[in-house]
Amino acid sequence: DGGITQSPKYLFRKEGQNVTLSCEQNLNHDAMYWYRQDPGQGLRLIYYSQIVNDFQKGDIAEGYSVSREKKESFPLTVTSAQKNPTAFYLCASSDRAFYNEQFFGPGTRLTVL
Amino acid sequence: EDKVVQSPLSLVVHEGDTVTLNCSYEVTNFRSLLWYKQEKKAPTFLFMLTSSGIEKKSGRLSSILDKKELFSILNITATQTGDSAIYLCAVEAEGSARQLTFGSGTQLTVLP
């Protein structure tokens, strides 16, 4: 089955710790994205990557880092510099061949204790 | 800065009602507008609109775009409890980045 997977589904971390969220896709999509969703708000773009070994900051990149070493994988690290990391994180990918219809993973809910 | 505004923020209706969700946008070099439904986790794609005045339809859902007035509406007729979800609107702009800018969503609750 083709799709996007994210792990873990729920994640708890203590303040001051870095944590990495996994995102894998087998859709052969070139582009991948990370969004953050807070209650009552839409999706805000953290980072995106249009091609392997290349990525750009989105609207709220501070306190986050990413890598894109493989086409299938786009992990997101939430660093201790992120002041308010508790949120729902969504990964997406798209073909971008024509229009940018993005397909989403199931999300990871991160809670900082 | 690209901007997408959805209204209302939340809506409560009874089964069988018809609802209209609104999405207005300001974007440089508009390319497309997308509607997503988010029930619990991942948003799922509903429609993509690129041309004014052409209605897209899928079952009880339909959507139309007005590129002159910069808005789109999503209609749901004969609502069912399974329509309860957050409905997200996003716009894509031309250019090398071609990111999606999302609105804050409309929370629809359909009561039995």
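Those protein sequence lines, which keep their order, are chains A and B. Take any residue in the first sequence, note its place counting from 1, add 23, and you have its number in our numbering. Here our numbering is used: position 65 in the second sequence is 63, and no number is missing along the way. For glycine and all other residues, C-beta sits at the position ideal for the given N, C-alpha and C.
For a contact meaning CB atoms closer than 7 Å, what does residue i contact in chain B?
i        : result
Gln64(A) : Ser102
Gly86(A) : Those do not exist, as Gly86(A) stays about 19 Å from chain B at its closest Cβ, beyond 7 Å.
Gly39(A) : Those within 7 Å of Gly39(A) in chain B number zero; the least Cβ separation is about 28 Å.
Can you pull the chain A residues whose beta carbon is under 9 Å from the beta carbon of residue i, in chain order?
i        : result
Lys35(B) : Within 9 Å Cβ-Cβ: nothing; Lys35(B) doesn't reach chain A, min ~11 Å.
Phe43(B) : Glu124, Gln125, Phe126 and Phe127
Ala83(B) : What Ala83(B) touches in chain A: nothing, since even the nearest Cβ is about 14 Å away.
Leu86(B) : Gly65 and Leu66
Can you tell which of the options has its C-alpha closest to the C-alpha of residue i?
i        : options                                     : result
Ala88(B) : Val10(B), Glu13(B), Phe45(B) and Glu53(B)   : Phe45(B)
Thr26(B) : Val11(B), Gln97(B) and His12(B)             : Gln97(B)
Ile69(A) : Phe35(A), Pro62(A), Pro108(A) and Tyr33(A)  : Pro108(A)
Arg91(A) : Leu136(A), Val135(A), Ala54(A) and Gly26(A) : Ala54(A)
Gly93(B) : Phe35(A), Gly63(A) and Gln73(A)             : Gln73(A)
Ser82(B) : Thr107(B), Ser70(B) and Ile71(B)            : Thr107(B)
Glu67(B) : Ile84(B), Thr79(B), Gln78(B) and Phe28(B)   : Phe28(B)
Asn76(A) : Val89(A), Arg67(A) and Gly26(A)             : Val89(A)
Pro41(B) : Gly81(A), Gln79(A) and Ile27(A)             : Ile27(A)
Residues of chain B with CB closer than 9 Å to the CB of residue i, please, in chain order.
i        : result
Leu68(A) : Gln97, Leu98, Thr99 and Phe100
Under the assumption that residue i contacts residue j (Cβ atoms under 8 Å), give the Cβ distance between them as a whole number of angstroms.
i        : j         : result
Glu37(B) : Asp0(B)   : That belief does not hold up - the Cβ atoms of Glu37(B) and Asp0(B) are roughly 26 Å apart, past 8 Å.
Leu9(B)  : Thr104(B) : 6 Å
Leu72(B) : Leu19(B)  : 4 Å
Leu31(B) : Ser102(B) : Contact flag wrong, Cβ pair sits at about 15 Å.
Thr77(B) : Val17(B)  : 6 Å
List the residues of chain B that residue i touches, going by C-beta distances under 8 Å, in chain order.
i         : result
Leu113(A) : Ala40 and Pro41
Taking Cβ-Cβ distances shorter than 7 Å, what residues in chain A pair up with residue i?
i        : result
Leu72(B) : Under the 7 Å cutoff, chain A gives no residues; its nearest Cβ is about 15 Å from Leu72(B).
Leu32(B) : Glu124
Can you pull the chain A residues whose beta carbon is under 8 Å from the beta carbon of residue i, in chain order?
i        : result
Leu47(B) : Those do not exist, as Leu47(B) stays about 10 Å from chain A at its closest Cβ, beyond 8 Å.
Could you tell me whether any non-hydrogen atom of the ligand NAP is closer than 7 Å to the CB of residue i?
i         : result
Thr104(B) : Annotation note on the ligand NAP: not contained in the displayed structure, which lists no ligands.
>> Would you call the segment 107 to 116 of chain A in contact with the segment 124 to 133 of chain A, where contact means no fewer than 3 C-beta pairs closer than 8 Å?
In response: yes
>> I'd like the ranges of any beta strand (DSSP E) spanning at least 3 consecutive residues and lying wholly in the segment 53 to 95 of chain B.
In response: 54 to 56, 59 to 64, 69 to 74 and 83 to 91
>> Across the segment 37 to 50 of chain A and the segment 79 to 98 of chain A, are there enough close Cβ pairs to call them in contact, namely three or more that are closer than 8 Å?
In response: yes
>> Does the segment 103 to 110 of chain A come into contact with the segment 25 to 43 of chain A, if we say contact requires no fewer than three beta-carbon pairs (one atom in each stretch) closer than 8 Å?
In response: yes
>> Please give me, in chain order, every unbroken run of the beta strand (DSSP E) with length at least 3 that falls completely inside the segment 46 to 85 of chain A.
In response: 54 to 60, 66 to 74 and 77 to 80
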